[in-house]
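To start, the structure itself, in structure tokens.
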Amino acid sequence: NTKDNDNHNGSLPWKLQSLDDQGALKTVGGDEFYVEYRHDKYSNSALAVAYSQDLQNGQYELEFWTTPISSRQSSRTATTN
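Here it is in structure tokens:
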């Protein structure tokens with residue numbers, strides 16, 4: 002689908018699958034998530050955060066957006082290298 006590719010800049014979307022308390026796949030939506038992408042577990046700030054779209058089947062499609070802090074850090078890194 003061309004529209005989907007345009008929305009994701011040619012990359013595949015990330016999907017998150019929710020599980021119930023016993024670890025079985027959930028088949029309904031309605032969960033709330035806050036997802037951050039970090040360089041490593043010691044990073045103080047996220048490089049990107051994700052907007053999650055509830056697919057109403059236990060899955061969530063994630064669309065990542067860079068944060069203002071990560072943009073400033075990238076600029077600093079680029080000028081010091």
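So for the sequence shown, my numbering puts the first residue at 2; every next one is plus one. Built from N, CA and C at the ideal position, the CB exists for glycine as well. As the structure is a prediction and not an experimental result, all values here were calculated from the model.
Counted as a single uninterrupted DSSP element, the beta strand (DSSP E) harbouring Glu62 occupies residues Gln60 to Thr67. One thing to note: Tyr38 has its Cβ within 8 Å of the Cβ of Ala49. One thing to note: Thr68 has its Cβ no nearer than 8 Å to the Cβ of Ser53. For Ala51, the pairing in a beta bridge is given by DSSP as Val36 and Phe65.
When the five nearest sequence neighbours on each side are left out, the beta carbons in the same chain lying within less than 6 Å of the beta carbon of Trp15 are those of Leu63, in order along the chain.
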